[in-house]
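Asks:
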Amino acid sequence: MFDKIKVKDMMNSRVHVVSPDINVWQASNKLKTLHIGCLVVVEKGVICGIISERDIVYKIVSAKRVASEVKVREIMSGPVVTLKPETPATDALFIASTRHLRHLPVVDDKDNLVGILGIRDMIYQAVNNILATSDYFDMKKAENG
């Protein structure tokens, strides 16, 4: 079942972006206000990075840097690996797990940002598929006595 699912079926089409030139405090505040885990960094219409809660904790907080004095471009993760909406879910999960990526922007054929897919979204979908398969097997067992 999971192998029939596409990225477009799991992605969040509400993607929030920031400029690489804002400071990390501003980005952090946006993450908090929107209750999200990452922001896609876009410069002149091109995706150039991702900044996540993890980046802020590892590169600002634990390094004892002042967030308002550091630009997003200094700590953002990149280069960014993107997916297409038609990418199979199994491929997306493989890419995320082998490259240790938690967030993958989704772009159309013209490289326009159309969504974002998080590892949590993929795990949620995979678990739901496992549960659905289990329910199906239980139903078949009951039918066959």
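Each residue of the sequence shown is one higher than the one before, starting from 487 at the first, in the working numbering.
Using N, Cα and C, we set each Cβ at its ideal position, and we do this for glycine too.
Please classify leucine 525 as buried or exposed, where buried requires at least 16 other C-beta atoms within 10 Å of its C-beta.
Replies: In the sequence shown, counting from the first residue as 1, residue 525 sits at position 39. Under this definition leucine 525 is a buried residue.
Asks: Leaving aside the five residues before and after isoleucine 508 along the sequence, list all residues of the same chain whose C-beta is less than 8 Å from its C-beta, in chain order.
Replies: Counting from one through the sequence shown, the residue named residue 508 turns up at place 22. Once the five neighbours on either side are set aside, the close Cβ partners of isoleucine 508 are Lys557 and Val558.
Asks: Secondary structure at leucine 587, three-state DSSP: helix, strand or coil?
Replies: Counted from its first residue, the sequence shown places residue 587 at position 101. Three-state DSSP puts leucine 587 in coil, outside helix and strand.
Asks: Could you check whether valine 501 and isoleucine 533 sit closer than 7 Å to each other, using their CB atoms as the reference points?
Replies: The residue labelled residue 533 in the question sits at position 47 within the sequence shown. The residue labelled residue 501 in the question sits at position 15 within the sequence shown. For isoleucine 533 and valine 501, no; Cβs fall outside 7 Å.
Asks: In or out: valine 504 buried (at least 16 other Cβ within 10 Å) or exposed?
Replies: Here the question's residue 504 lines up with position 18 in the sequence shown. The residue in question, valine 504, is buried, as its Cβ has 16 or more Cβ neighbours within 10 Å.
Asks: If you compare alpha carbons, which of Ala578, Ala582, Ser563 and His586 is closest to valine 510?
Replies: Taking the first residue of the sequence shown as position 1, residue 510 is located at position 24. Ranking the options by Cα distance to valine 510, first place goes to Ser563.
Asks: Taking the CB atoms as reference points, tell me whether valine 593 and threonine 568 lie closer together than 7 Å.
Replies: For this step, residue 593 is matched to residue 107 along the sequence shown. For this step, residue 568 is matched to residue 82 along the sequence shown. Against a cut-off of 7 Å, the Cβ pair of threonine 568 and valine 593 comes out as a contact.
Asks: Asparagine 498 to histidine 589, Cα distance in whole Å?
Replies: Position 12 of the sequence shown, counted from the start, is the residue given in the question as residue 498. Position 103 of the sequence shown, counted from the start, is the residue given in the question as residue 589. If you take the alpha carbons of asparagine 498 and histidine 589, they lie about 11 Å apart.
Asks: Taking the continuous beta strand (DSSP E) assigned at leucine 603, which residues delimit it?
Replies: Position 117 of the sequence shown, counted from the start, is the residue given in the question as residue 603. Leucine 603 -> beta strand (DSSP E) spans 599 to 604.
Asks: According to DSSP, is isoleucine 561 part of a helix, a strand, or is it coil?
Replies: Within the sequence shown, the letter at position 75 stands for residue 561. It is helical.
Asks: To the nearest whole angstrom, what separates the beta carbons of proline 574 and lysine 492, a pair I think is in contact under 8 Å?
Replies: Taking the first residue of the sequence shown as position 1, residue 574 is located at position 88. Taking the first residue of the sequence shown as position 1, residue 492 is located at position 6. About 6 Å; that satisfies the 8 Å criterion.
Asks: On the criterion of 16 or more Cβ atoms from any shown chain inside 10 Å, does alanine 618 qualify as buried, or is it exposed?
Replies: As a working mapping, residue 618 is identified with position 132 in the sequence shown. By the 10 Å Cβ count, alanine 618 comes out exposed.
Asks: Using the three-state DSSP reduction, which class does isoleucine 537 fall into: helix, strand or coil?
Replies: Your numbering for residue 537 matches position 51 in the sequence shown. Isoleucine 537 falls in the strand class under three-state DSSP.
Asks: Taking glutamate 560 as the reference, give the member of Lys570, Ser538 and Lys494 with the closest Cα.
Replies: Here residue 560 corresponds to residue number 74 of the sequence shown, with the count starting at 1. The shortest C-alpha separation from glutamate 560 is found at Ser538.
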